[in-house]
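Student:
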Amino acid sequence: HGYKYGVACNSGGSAILVAARAAAKLYGVKTIAVPAVTYIQSIAPLIHAGLMVSLMDVEPTPHAEPRYETAPDWVDAYLPCHLLGRANRVHPPVSPYKIVIEDCAESIYAPGVGLGHMCCLSFNSTHLITTGAGGMILTDDKKLRDYCWTLINHGRPEDRSQSSCAELENHYVFTEWGYSMKFSDIQ
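Residues 908 to 1094 (the numbering used here) are what the sequence shown spells out, left to right.
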């Protein structure tokens, strides 16, 4: 996809949850528009992240492409869902005031995906790349990457300088209410 950063996690739903929390914390996102026809794991994590979800109408095709003109003006973000191995032909309106979190779980390699601030992937056994489970958040924004990493790792900020026992003290510093959502060793 050409993004600079990737943060692995335990599922695609977790990727959407963490991406939504990061967008809320760092960019003030409170409302998000989502296609009315999609999988429940595209919407439930947004609600768990505390966002108000607005459903957009979709085109009456198998790919259920969102009709962005039906989204209310007051939404802060969009979550386009690329379905059935193909990217949506219509992209969210470009605006410096709207964040785009893409759900690319079913369309990882499709040309045209990966145009948002964050791209959420799923490695579930039913998707194109599989580890049995797992997910990933892709972004070019270092602040988003760092905050997502913190949330996935129990709320602990990343500290790669732990070379002595005294420095291990930082290992038990938590700056956010995070999760245990790391990619397992088997994945």
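Every residue, glycine too, gets a C-beta built ideally from N, C-alpha and C.
(1) Quick check on S1087: buried or exposed, where buried means 16 or more other Cβ atoms within 10 Å of its Cβ?
(2) So for G918, helix, strand or coil by DSSP?
(3) Let me know the secondary structure DSSP gives V1080 once reduced to three states.
(4) At a cut of 8 Å, does the stretch 1046-1054 reach the stretch 929-940 through at least three beta carbon pairs?
(5) Does the separation of the CB atoms of C1055 and A956 fall below 8 Å?
(6) Going residue by residue through the stretch 994-1046, where are the continuous beta strand (DSSP E) segments of at least 3 residues, counting only ones entirely within it?
(7) Helix, strand or coil: which one does DSSP assign to S949?
(8) Can you tell me the Cα-Cα spacing of T945 and E1065, whole angstroms?
(9) Output the distance between the C-alpha atoms of R974 and K1005, rounded to the nearest integer angstrom.
(10) Please classify L991 as buried or exposed, where buried requires at least 16 other C-beta atoms within 10 Å of its C-beta.
(11) Assuming L1058 is part of the alpha helix (DSSP H), what are its boundary residues?
(12) What span of residues does the beta strand (DSSP E) with A940 cover, start to end?
(13) Whole angstroms are fine: how far does the CA of A927 sit from the CA of K937?
(14) Between the stretch 982-1002 and the stretch 1018-1027, do at least 3 Cβ pairs fall closer than 8 Å?
(15) Helix, strand or coil: how does DSSP classify A984 here?
(16) Measuring straight from C-alpha to C-alpha, what distance separates Y912 and R1052?
Tutor: Taking the structure as given:
(1) Locating residue 1087 in the sequence shown gives position 180, counting from the first residue. By the neighbour-count rule (16 or more Cβ atoms within 10 Å), S1087 is not buried but exposed.
(2) Your numbering for residue 918 matches position 11 in the sequence shown. First, the residue type needs correcting, since residue 918 is Ser and not Gly in the sequence shown. Note: S918 maps to coil in three-state DSSP.
(3) Residue 1080 sits at position 173 when you count from the first residue of the sequence shown. V1080 falls in the coil class under three-state DSSP.
(4) Yes, the stretch 1046-1054 is in contact with the stretch 929-940.
(5) Here residue 1055 corresponds to residue number 148 of the sequence shown, with the count starting at 1. Here residue 956 corresponds to residue number 49 of the sequence shown, with the count starting at 1. For the pair C1055 and A956, the CB atoms are not nearer than the 8 Å cut-off.
(6) Here the runs fully enclosed are 1006-1010, 1025-1029 and 1042-1046.
(7) Taking the first residue of the sequence shown as 1, we reach residue 949 at position 42. The answer is helix: DSSP assigns S949 an H, G or I state.
(8) By one-based count along the sequence shown, residue 945 stands at place 38. By one-based count along the sequence shown, residue 1065 stands at place 158. Looking at the two C-alpha atoms, the distance is approximately 34 Å.
(9) Locating residue 974 in the sequence shown gives position 67, where the first residue counts as 1. Locating residue 1005 in the sequence shown gives position 98, where the first residue counts as 1. For R974 and K1005, the distance between alpha carbons rounds to 16 Å.
(10) In the sequence shown, the residue the question calls residue 991 occupies position 84. When all chains shown are included, L991 counts as exposed.
(11) Numbered from 1 along the sequence shown, position 151 holds the residue referred to as residue 1058. Taken as a continuous stretch (DSSP letters only), the alpha helix (DSSP H) holding L1058 covers K1049 to I1059.
(12) Numbered from its first residue, the sequence shown carries residue 940 at position 33. Unbroken beta strand (DSSP E) run through A940: T938 to P942.
(13) Translated into positions along the sequence shown, residue 937 becomes position 30. Translated into positions along the sequence shown, residue 927 becomes position 20. The alpha-carbon atoms of K937 and A927 are separated by roughly 9 Å.
(14) Touching, yes, given that three or more Cβ pairs across the two stretches are closer than 8 Å.
(15) Within the sequence shown, the letter at position 77 stands for residue 984. A984: strand per DSSP, three-state reduction.
(16) Locating residue 912 in the sequence shown gives position 5, where the first residue counts as 1. Locating residue 1052 in the sequence shown gives position 145, where the first residue counts as 1. About 7 Å.
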